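Chemist: In full-length UniProt numbering, the protein residues as written are 1 to 310.
#1: According to DSSP, is residue 2 helix, strand or coil?
#2: Name the one or two DSSP bridge partners that residue 119 has.
#3: Less than 6 Å between C-beta atoms, sequence neighbours within five positions excluded: which residues of the same chain meet that for residue 30?
#4: Could you tell me which residues DSSP puts in a beta bridge with residue 58?
#5: Taking all protein chains shown into account, decide if residue 107 is buried (16 or more other Cβ within 10 angstroms of its Cβ) or exposed.
#6: For residue 174, which three-state DSSP category applies?
#7: Could you give the distance in angstroms between the alpha-carbon of residue 301 and the alpha-carbon of residue 219?
#8: Pick out the complete alpha helix (DSSP H) segments inside the segment 181 to 238, 4 residues or longer, and give them in chain order.
#9: Take residue 172 and list the residues in its own chain whose beta-carbon comes closer than 8 Å to its own, dropping the five residues that flank it on each side.
#10: Give the straight-line distance between the Cα atoms of residue 226 and residue 280, rounded to the nearest whole angstrom.
#11: DSSP three-state label for residue 129, please.
#12: Excluding the 5 residues flanking residue 63 on each side, which residues of the same chain have their C-beta closer than 6 Å to its C-beta?
#13: Smallest Cα separation from residue 159: which of 3, 9, 4 and 310?
#14: Select from 241, 268, 266 and 146 the residue whose C-alpha is nearest the C-alpha of residue 255.
#15: Using DSSP's beta-bridge definition, name the partner residues of residue 276.
#16: If you draw a straight line from the alpha carbon of residue 126 to that of residue 164, how long is it in whole angstroms?
#17: When you compare only the Cα positions, how much space is there between residue 204 and residue 98?
#18: With a threshold of 16 other CB atoms inside 10 Å of the CB of residue 146, please say whether the residue is buried or exposed.
#19: Given residue 238, which residues of its chain have a CB within under 6 Å of its CB, disregarding the five upstream and five downstream residues?
#20: Between 263, 222 and 206, which lies nearest to residue 287 when the distance is taken from Cα to Cα?
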């Protein structure tokens, strides 16, 4: 008997698949939390004669999600504890997608009797280390900075991160920053800051299309204005730090940003130039005043700003 729990679905799935691999598909029974508890107990406690050992997976079992039982639940918990304390031939795995186990009589019983497998989320440093080990095991050349860039730009989903990284190391001997940019581009559509990617292109059509996309997704004009102001203000800061002779590592430390962001600022600075960037920041200040005092459609003001500057 096992209990697999935690907030990292990737590891939950991985641990569960490891157990499933020991059985034929026909001998694996999977139940979800909406199944009637008494019916589930009946199915488990009355297996057919002369059958193979079965794997019984119970996802988000109700008794694992309730801190205080009512009388009915308390009775069911007692029945399960009695049943699970008997000599069971089948392997039973409870799966709980909670980061922390709730304290009740049933979880207390499992902590004592079951093998507990916790699936914790990986911290960023630990994930970088794991990906670096994985790359080295395949003799793939990739820098620490590029691994960090890959993680920061990917969705916060370890399964997607691992699948994409496995795909990279299976198809390329060297993973560059540009290659990573191509990989993460398909995940930018639903990210709040994807509008910034269009600003970097200095292409009005791409910027305008992304503006329409983001506003249709619910982004406010004020958010987009703040993003524009942020990237160009950072460009000026980067420009002045370069002018006083700081190198990339020193600038990263001073601005408290990773190297890939500094590279982005460098590209934007080269495309727009200092004079244009200063003008955009000046126009942003003006448009901010207009929008705050305007009673009509602020989208019109923002669109005119885009056409004028990009």
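Heads up, the beta-carbon is just placed ideally off N, CA and C, and yes, glycines get one too.
As the structure is a computational prediction, the values presented were derived from the model and not from experiment.
Modeler: To lay it out plainly:
#1: Annotated three-state conformation of residue 2 is strand, per DSSP.
#2: Residue 119 is bridged to 6.
#3: Answer for residue 30: 57, listed in chain order.
#4: Within the DSSP secondary-structure output, residue 58 pairs in a beta bridge with 31 and 94.
#5: Classification of residue 107: buried, given that the 10 Å Cβ count is 16 or more.
#6: Residue state, collapsed to three classes: strand.
#7: Rounded to whole angstroms, the separation of the alpha carbons of residue 219 and residue 301 is 16 Å.
#8: Whole alpha helix (DSSP H) segments, 4+ residues: 194 to 199 and 204 to 216.
#9: Excluding residues within five positions, the ones whose Cβ falls inside 8 Å are 140 and 179.
#10: Straight through space, the alpha carbons of residue 280 and residue 226 are spaced by roughly 12 Å.
#11: In this structure, residue 129 counts as helix in the three-state DSSP scheme.
#12: Correct list, in chain order: 77 and 106.
#13: Of the residues 3, 9, 4 and 310, the one whose Cα lies closest to the Cα of residue 159 is 9.
#14: Of the candidates 241, 268, 266 and 146, 241 places its Cα closest to the Cα of residue 255.
#15: Beta-bridge pairing links residue 276 to no other residue.
#16: Distance between the alpha carbons of residue 126 and residue 164 is about 18 Å.
#17: Near 45 Å, if we compare the C-alpha coordinates of residue 98 and residue 204.
#18: It counts as buried.
#19: 265, listed in sequence order.
#20: Out of 263, 222 and 206, the CA that lies nearest to the CA of residue 287 is found in 222.
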